[in-house]
């Protein structure tokens with residue numbers, strides 16, 4: 011069938027671009043590295059919506075560098091849509107006049123540069139998203155016209171193997187290719203036979219073997235050496251006061267030190283509370299090295315996560331009952347599906363933050379850094395569309411006195427969303443503040459709203475060295491604010507706590523001190539950690555865990 | 011590497027099963043239809059978690075029938091996990107003693123039989139889910155051990171083409187295969203060369219060419235002939251009082267007649283309100299035939315949806331700028347990604363329901379039917395993890411006076427969730443009731459919670475022939491209940507409305523009658539429909555739309 015031109019503009023334009031690119035694409039869709047810049051100049055047009063696979067961990071770094079070398083007389087005003095922008099080359103595009111607008115989820119080390127670029131007018135911010143939100147928009151109003159992706163290997167037909175670090179590749183390729191977009195892949199190696207096919211060849215337009223392997227960041231490796239007694243106290247409070255209290259089996263842990271601490275306390279303090287088999291049996295996490303002792307001790311049945319973790323490849327392959335492994339024997343974690351699970355299939359999210367305001371809104375944004383929140387908003391919110399029941403979810407919903415004000419005489423559960431923080435963080439900066447720095451950032455960076463990571467109405471518990479605020483048990487906003495003051499220590503927020511009010515909260519079980527939970531501060535020592543160093547984690551793994559060089563001091 | 015047996019139970023078990031299946035699987039993974047029953051007996055074990063691809067539309071019906079023929083002495087107590095159970099064969103499994111437990115999202119015509127089976131102890135209900143919630147759990151705690159899927163075609167290696175009706179296949183296969191599960195596909199035809207690869211061969215274990223093409227249900231076809239003037243009035247109210255009021259560009263429409271009516275009013279009444287290009291430019295829907303006139307008139311830039319629609323194949327292919335089309339020229343809609351978009355990337359969901367309670371909770375459950383809700387809970391809830399801003403979302407959030415009680419002095423947007431209902435539905439049953447039938451069903455079917463489709467705190471607007479209740483503008487639960495009474499007509503709920511209170515709500519803009527909106531009831535005639543019959547839709551499509559025989563009366 012010949013389609014009326016009126017309805018076929020996108021495909022016609024794609025055909026034109028691919029015709030211009032034809033001289034640079036050889037057999038098996040292969041492109042010589044030297045031809046990547048002219049290839050990009052052939053397939054990209056000024057103003058295009060463009061994705062460079064910028065994941066949480068793996069990066070299409072060679073393609074990003076090549077894009078910086080195109081003729082900016084021809085290619086400019088690109089609208090970049092990508093999960094993460096952690097590489098200098100991602101931001102160079104704006105300085106070089108090639109890109110103009112950015113929609114993203116996580117910036118990591120580039121947060122300050124983004125804020126600066128926005129102030130100077132070098133970069134127009136679309137929005138900060140959570141990953142799944144951005145992925146959804148790829149299919150509707152932020153569809154990449156061209157995507158520059160990365161994979162471990164391609165075969166001679168252009169099939170791709172993304173293996174242990176699959177991450178965002180499937181969702182980027184599907185959104186791009188099924189809207190007649192163009193997909194260009196950098197791979198570490200072109201081979202005759204792939205271990206398995208992760209992306210079919212007919213979804214890919216061009217493949218380049220990059221001069222060096224793609225950049226891969228070990229973002230979820232926490233050195234147990236650096237865990238403090240303060241964090242251990244928080245971990246004990248959380249395990250006894252929340253994990254045990256609610257019997258929470260399906261959990262997500264963030265990347266912070268508190269999560270690592272809790273993971274290392276499971277086989278020790280957790281076992282002393284008789285929690286094995288009763289909590290953390292199903293986890294949505296990357297393969298955290300600090301989970302190794304708990305896995306070895308049989309705490310966790312299933313782990314599915316958004317990505318991989320450098321050094322954990324062999325360990326994961328050797329524990330196939332726990333991790334999700336393909337027929338070829340290597341892991342495939344799909345970030346999109348993992349966050350679907352993280353949103354709907356879990357009973358608890360626990361993570362940290364930089365600042366919490368008097369109502370419980372929290373953010374990691376500062377006045378001069380557009381950091382983004384990655385997966386936290388999706389994981390750390392109540393999934394209102396959830397309809398299946400677990401004990402943990404139902405208990406939290408039943409004790410939530412504000413429920414009747416929201417839905418009348420109708421029962422419903424609630425996800426546990428836990429913030430674990432010390433009242434003063436790095437450089438003695440207070441965690442509890444009267445106003446989030448996010449407000450100043452909104453002003454500086456001309457944002458429509460202050461970038462809040464987790465809103466107060468989603469937070470059910472705050473854990474500090476002062477104890478636990480059970481916000482889900484608060485009958486009113488006033489009680490909630492009082493409970494937050496009670497755990498806020500000697501910050502400006504905490505100093506407003508009224509002893510009489512705090513006493514009433516303790517009597518009502520809304521605020522619990524370590525003593526109320528039967529936990530002695532002096533028991534919170536590093537002796538409780540199942541492993542005190544990465545070297546001990548390697549030992550726990552039977553030598554299967556292979557930490558990246560920068561974490562090795564032996 | 012040889013993996014310690016202790017950690018390799020699943021793969022070892024899979025190997026055993028596949029060894030037993032080997033005699034039935036030929037070259038290219040092909041299985042003769044006569045060998046499917048022994049194949050299933052080889053690969054399935056009693057107590058397995060099993061998926062039969064039961065989608066919203068396409069069904070692996072041949073494999074479902076074969077499963078009913080296995081030796082139930084060997085295979086019993088299966089735990090079925092699947093989106094939809096609309097076929098008799100799905101339920102026969104329980105009657106035949108082969109299956110025991112069910113986790114699902116949508117039952118359609120089987121709702122009454124499920125309720126009966128639960129009462130009789132023939133079926134143990136896990137939970138009713140929304141699609142995306144169930145998909146998420148496939149990766150954690152409801153992973154199918156064996157999945158019986160369907161596709162249009164396979165090639166000689168076992169690659170699959172799911173084409174225009176891709177639906178759930180990708181997410182089922184990925185969850186199953188990457189946990190060492192077994193994937194068996196029924197296809198309509200085995201061919202030498204596929205139009206494209208939707209599922210790579212190494213993700214599939216066996217392929218059978220079924221004796222007849224898979225069953226496919228045209229679930230989203232609404233005959234304009236059956237649209238009433240009452241529905242047209244509701245459509246006019248919604249378009250002027252909500253779509254226009256909020257300038258809502260990114261919308262999901264449910265499958266009901268109200269959605270079809272609104273779609274057919276766009277080129278007529280919508281145009282008279284000068285709304286072209288201002289609303290419904292981006293839609294997350296199946297390819298609804300009733301969208302044809304609006305598409306032809308250039309209202310909608312992009313449509314992405316959860317599935318296909320029988321008869322719309324040629325039309326969709328001829329409008330590639332609007333729909334998501336692969337390089338081969340046929341559509342691929344992936345239900346999982348579509349619902350991610352539907353949750354996070356839209357500003358409005360509009361749908362109908364059977365019953366609404368005084369607090370605004372709604373359900374399509376009745377006392378004796380476990381119907382399930384499909385995608386509605388996911389689409390019809392506020393996406394709390396959303397962080398990007400649109401005008402529509404921000405406006406609804408800013409006018410929501412209860413926001414401060416939830417998150418303090420912090421702005422946030424809100425998704426428009428609209429219920430459009432007549433105060434009395436089929437057989438004059440009242441839509442507004444003091445207590446949802448869901449409560450009786452919960453008792454009858456031993457559910458933990460009454461199955462609510464959309465909770466009251468997510469609903470922002472209710473539209474009836476009495477007018478619009480702007481629930482998002484209500485300062486309290488009392489005001490919300492009064493606004494619901496105001497639109498509830500002469501139902502038991504509506505009869506409790508107090509004239510003085512209703513008057514105050516009108517003054518506050520919380521309740522608007524048709525007259526308040528400048529809409530005359532007598533103008534709501536069928537003349538406003540852009541097409542009054544399926545035949546006229548065919549004409550609008552230039553003959554490209556090909557309605558299924560059962561809808562043709564010419």
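Protein chains in written order, with this note's numbering: chain A, 11 to 564; chain B, 11 to 564. Glycine residues also receive a C-beta, built at the ideal position from the N, C-alpha and C atoms. Every value quoted in this text rests on a predicted model; they were computed, and no experiment measured them.
C-beta atoms of residue 477/A and residue 509/A nearer than 7 Å: The Cβ atoms of residue 477/A and residue 509/A lie no closer than 7 Å to each other.
Please list, in chain order, all residues of the same chain as residue 613/B whose beta carbon is under 8 Å from its beta carbon, the five residues on each side excluded. A query on residue 613/B cannot be resolved here, the shown segment of chain B reaching from 11 to 564 and no further.
Suppose only complete runs of 4+ residues qualify. What are the alpha helix (DSSP H) ranges in the stretch 344 to 405 of chain B, listed by chain order? You should have 345 to 354 and 386 to 389.
Spell out whether any CB of chain A is found under 7 Å from the CB atom of residue 27/B. Taking 7 Å as the threshold, the shortest C-beta distance from residue 27/B to chain A does not fall below it.
Reduced DSSP category for residue 10/B - H, G, I as helix; E, B as strand; rest coil: For residue 10/B there is no data in the structure shown, the boundaries of chain B being 11 and 564.
Assuming residue 242/B and residue 535/B are in contact, meaning their beta carbons sit under 8 Å apart, how far apart are those beta carbons, in whole angstroms? Contact flag correct, Cβ pair sits at about 7 Å.
Under 7 Å, CB to CB, which of the residues in the stretch 418 to 430 of chain A have a partner in chain B? Only those residues of the stretch 418 to 430 of chain A whose C-beta falls short of 7 Å from the nearest C-beta of chain B are listed: 418, 420, 421 and 422.
What residue from 60/A, 307/A and 410/A has the CA that sits closest to residue 17/B's CA? The shortest Cα separation from residue 17/B among 60/A, 307/A and 410/A belongs to 307/A.
Interface residues of chain A around residue 140/B at Cβ under 7 Å? Within 7 Å Cβ-Cβ: 395 and 397.
Let me check understanding here. Comparing Cα to Cα, which of 28/A, 80/A, 325/A and 244/A lies closest to residue 214/A? Nearest option by C-alpha distance: 28/A.
Looking at C-beta atoms only, is the number of pairs between the stretch 65 to 79 of chain B and the stretch 45 to 53 of chain B that lie closer than 8 Å three or more? A contact exists between the stretch 65 to 79 of chain B and the stretch 45 to 53 of chain B.
Near residue 149/A, what residues of its chain come up, given a Cβ to Cβ distance below 6 Å and the 5 sequence neighbours on each side ignored? Short of 6 Å from the beta carbon of residue 149/A, and not among the five residues preceding or following it, lie these beta carbons of its own chain, in chain order: 185.
Extract the residue ranges of the beta strand (DSSP E) inside the stretch 101 to 166 of chain A, only unbroken runs of 3 or more that lie entirely within it. Complete beta strand (DSSP E) runs here, min 3: 109 to 114, 134 to 138 and 156 to 164.
Determine which residues share a DSSP beta bridge with residue 442/A and list them. Among the bridge pairs identified by DSSP, residue 442/A is matched with 366/A.
With a CB to CB cut of under 8 Å and the five nearest residues on each side skipped, what residues in its chain are close to residue 302/A? The beta carbon of residue 302/A sits closer than 8 Å to the beta carbons of 325, 541, 547, 550, 551 and 555 from its chain, once the five residues preceding and following it are set aside; these are given in chain order.
Let me know the secondary structure DSSP gives residue 551/A once reduced to three states. Three-state DSSP puts residue 551/A in coil, outside helix and strand.
I need the boundaries of the beta strand (DSSP E) containing residue 454/B, first residue and last residue. For residue 454/B, there is no enclosing beta strand (DSSP E); the enclosing alpha helix (DSSP H) covers residues 448 to 454.
Residue 262/B in three-state terms, based on DSSP: In the structure shown, residue 262/B sits in a strand (DSSP, three-state: E or B).
So residue 259/A and residue 357/A are supposed to be a Cβ contact under 8 Å. How far apart are they, rounded? Going by Cβ atoms, the distance from residue 259/A to residue 357/A rounds to 7 Å, so yes, they are a contact pair.
At a CB distance below 7 Å, what residues from the stretch 426 to 457 of chain A approach chain B? Give them in sequence order. In summary, no residue of the stretch 426 to 457 of chain A has a CB separated from any CB of chain B by less than 7 Å.
What in chain A is Cβ-close to residue 330/B, meaning under 8 Å? Residues of chain A whose Cβ lies closer than 8 Å to the Cβ of residue 330/B are, in chain order, 13, 17, 18, 20, 21 and 190.
According to DSSP, what are the bridge partners of residue 272/B? According to DSSP, residue 272/B bridges with nothing at all.
Tell me which residue opens and which closes the alpha helix (DSSP H) that residue 31/B is part of. For residue 31/B, the enclosing alpha helix (DSSP H) begins and ends at 19 to 31.
Listed from N- to C-terminal order along the chain, which residues in the stretch 253 to 265 of chain A have their beta-carbon within a distance smaller than 7 Å of any beta-carbon of chain B? The residues in question are 260.
Neighbour-count burial assignment, residue 147/B, 16 or more Cβ in a 10 Å radius: Classification of residue 147/B: buried, given that the 10 Å Cβ count is 16 or more.
Relative to chain B, which residues along the stretch 139 to 164 of chain A have a C-beta separation below 9 Å, given in chain order? Under the 9 Å Cβ criterion, the stretch 139 to 164 of chain A contributes 139, 140, 142, 143, 144, 145, 146, 147, 148, 149, 150, 151, 152 and 153.
Which partner residues of residue 522/B appear in the DSSP bridge assignment? In the DSSP assignment, residue 522/B is bridged to 478/B.
Evaluate residue 483/A with the Cβ neighbour count: other Cβ atoms within 10 Å of its Cβ, from every protein chain shown; 16 or more gives buried, anything less gives exposed. Residue environment analysis places residue 483/A among the buried positions, since at least 16 neighbouring C-beta atoms fall within 10 angstroms of its C-beta.
By Cβ distance below 8 Å, which residues in the same chain neighbour residue 433/B in space, the five residues on each side in sequence not counted? Within the same chain, and ignoring the five residues on either side of residue 433/B in sequence, the residues whose Cβ sits closer than 8 Å to its Cβ are 440, 441, 442, 474, 475, 476, 497, 498, 499, 500, 501 and 504.
Tell me whether residue 198/A sits in a helix, a strand or coil according to DSSP, three-state version. Strand.
Which partner residues of residue 430/B appear in the DSSP bridge assignment? Answer is 473/B, bridged to residue 430/B.
Check whether chain B comes within 7 Å of residue 416/A, counting only Cβ atoms and requiring the distance to be less than that. True, the Cβ-Cβ gap to chain B drops below 7 Å.
Given a limit of 7 Å on CB to CB distance, which residues of the stretch 464 to 482 of chain A reach chain B? Listed in chain order, the positions of the stretch 464 to 482 of chain A with a beta carbon within less than 7 Å of a beta carbon of chain B are 465, 466, 467 and 468.
Quickly, what does DSSP pair residue 293/B with across the bridge? List them, please. By DSSP's assignment, residue 293/B forms a beta bridge with 261/B and 313/B.
Is residue 67/B closer than 7 Å to residue 317/B when the C-beta atoms are compared? Yes, Cβ-Cβ distance for residue 317/B and residue 67/B is below 7 Å.
Using a threshold of 7 Å, state whether the C-beta atoms of residue 64/B and residue 93/B are closer than that. Yes. Within cutoff.
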